[in-house]
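Here is the structure we will look at, set down as structure tokens.
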Amino acid sequence: MMMKSDLYNLVFSYIKTIPKGKVATYGLVAEALRAKRRGINGHLVGWILHKNDSSMVPCHRVVDRNGRLAPNFAFDGAKEQRRRLQVEGVTFVDDMHVDLERHLIKK
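Residue numbers (numbering that gives the first Met the number 0): 0 to 106.
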């Protein structure tokens with residue numbers, strides 16, 4: 000049985016593999032991890048990332064399935080998430096949505 004801390008570490012380890020300039024969706028993260036953790040879903044990934052308090056985990060690189068930024072991004076809201084992504088070269092289709100055609104990681 001996987002402990003809560005193991006699940007957090009599994010998610011955080013995967014998030015660290017998302018390259019600068021790319022994003023993943025909560026669902027894509029869950030899909031990538033299902034072989035190691037049955038039952039994981041995008042909502043659980045989002046909940047875990049919301050609990051993250053380490054700036055070493057680039058959780059700003061995870062968006063919803065439509066490319067929308069997290070209004071409650073753990074490190075000072077969507078404006079800060081957008082700023083961090085822009086620094087990495089990520090472009091947007093509007094104020095709140097990443098251009099997924101250009102920046103979504105491949106499965």
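Even for Gly, the Cβ is constructed at its ideal location relative to N, Cα and C.
Status (buried if at least 16 other CB within 10 Å, exposed otherwise) for residue i
i           : result
residue 24  : buried
residue 45  : buried
residue 102 : buried
residue 83  : buried
residue 37  : exposed
For residue j and residue i, the rounded distance between their alpha carbons
i          : j           : result
residue 68 : residue 77  : 6 Å
residue 19 : residue 56  : 12 Å
residue 86 : residue 5   : 31 Å
residue 96 : residue 33  : 26 Å
residue 65 : residue 99  : 8 Å
residue 51 : residue 94  : 24 Å
residue 43 : residue 90  : 26 Å
residue 12 : residue 74  : 19 Å
residue 0  : residue 35  : Unreliable positioning characterises residue 0 in this predicted model, as indicated by a pLDDT of 47, which lies under 50. A coordinate reading is not provided.
residue 49 : residue 72  : 7 Å
residue 54 : residue 15  : 11 Å
residue 29 : residue 105 : 14 Å
residue 41 : residue 27  : 8 Å
Residue i - containing alpha helix (DSSP H), residue span
i           : result
residue 31  : 25-32
residue 180 : There is no way to answer for residue 180, as the model of the chain reaches only from 0 to 106.
residue 102 : 99-102
residue 77  : 76-86
8 Å contact criterion, which residue i and residue j should meet: CB distance rounded
i          : j          : result
residue 60 : residue 22 : 5 Å
Any non-hydrogen atom of the ligand GTP within 7 Å of residue i CB
i          : result
residue 35 : Absent from the structure shown: the ligand GTP. Ligands present: none.
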